[in-house]
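Below is one structure, written out as structure tokens, with a few remarks after it.
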């Protein structure tokens with residue numbers, strides 16, 4: 076088995092550890108959140124109310140500290156974790172067995188690229204392994220992840236535009252703004268109609284249904 080195929084099943088089996096699937100999934104979700112928080116923490120800094128809503132966290136890379144780990148987790152992890160859970164819950168609703176995994180090998184790659192100050196970051200945080208199904212089922216299962224990002228993107232925009240109405244404090248604006256941008260990116264990125272993206276599985280399944 077290759078390094079990038081490393082998951083909890085292969086790792087824990089080698090260590091002689093046996094645990095319930097649900098516990099393994101919770102552990103993997105925590106690992107994904109912590110890894111993403113570490114990898115992206117220096118891209119963000121705490122909100123500066125003097126700059127109002129024009130604050131762009133991506134312009135302040137060198138000014139942030141490791142104290143922003145939890146802010147980074149809160150801003151980045153939900154978009155990724157809820158994307159994968161969207162796949163899992165829709166699969167279960169369709170009667171298809173599905174299991175969420177953290178991609179240990181790719182997360183390690185992301186952490187190493189971060190430590191090495193690489194000019195780019197490429198990694199796959201996690202995935203959902205699932206059984207087969209009809210083209211209609213696979214289409215629904217495939218769109219569930221990007222669909223979750225689409226909903227989160229729209230909800231973020233709605234709350235940003237209605238912060239005063241809902242009495243949302245200004246200090247929460249960066250989280251909403253980052254949620255908007257991250258979920259927008261993940262929606263369009265995952266809908267690319269080429270393997271192995273969700274868009275490919277969705278459109279190919281729709282093609283099978285029609286033709």
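Numbering (this note's numbering), first residue to last: 76 to 286. Cβ coordinates follow ideal geometry from the N, Cα and C atoms, glycine included.
- Using a C-beta cut-off of 8 Å, the segment 254-268 makes contact with the segment 217-229, since at least three inter-stretch Cβ pairs fall below that distance.
- Looking at the DSSP output, residue 168 bridges to nothing.
- DSSP places residue 201 inside the beta strand (DSSP E), whose first and last residues are 201-205.
- The Cβ atoms of residue 175 and residue 206 lie no closer than 8 Å to each other.
- In this structure, 106 is the residue among 170, 184, 106 with its C-alpha nearest to the C-alpha of residue 156.
- A straight line joining the alpha-carbon of residue 172 with that of residue 245 spans about 42 Å.
- Under the three-pair Cβ rule at 8 Å, the segment 143-154 counts as touching the segment 237-257.
- The segment 227-234 makes no contact with the segment 175-195; the number of CB pairs closer than 8 Å stays below 3.
- Assigned with DSSP and collapsed to three states, residue 174 falls in strand.
- In this structure residue 178 touches residue 199 by the C-beta definition: roughly 5 Å separates them, less than 8 Å.
- Here residue 88 is exposed: its Cβ has fewer than 16 other Cβ atoms, across all protein chains shown, within 10 Å.
- Taking the Cα positions, residue 170 is about 12 Å away from residue 213.
- The C-alpha of residue 272 is placed about 15 Å away from the C-alpha of residue 161.
- In the structure shown, residue 239 adopts coil according to DSSP, grouped into three states.
- In its chain, beyond the 5 residues on either side, 265, 266, 267, 268 have a beta carbon closer than 7 Å to the beta carbon of residue 274.
- Taking the CA atoms as reference points, residue 182 sits about 16 Å from residue 99.
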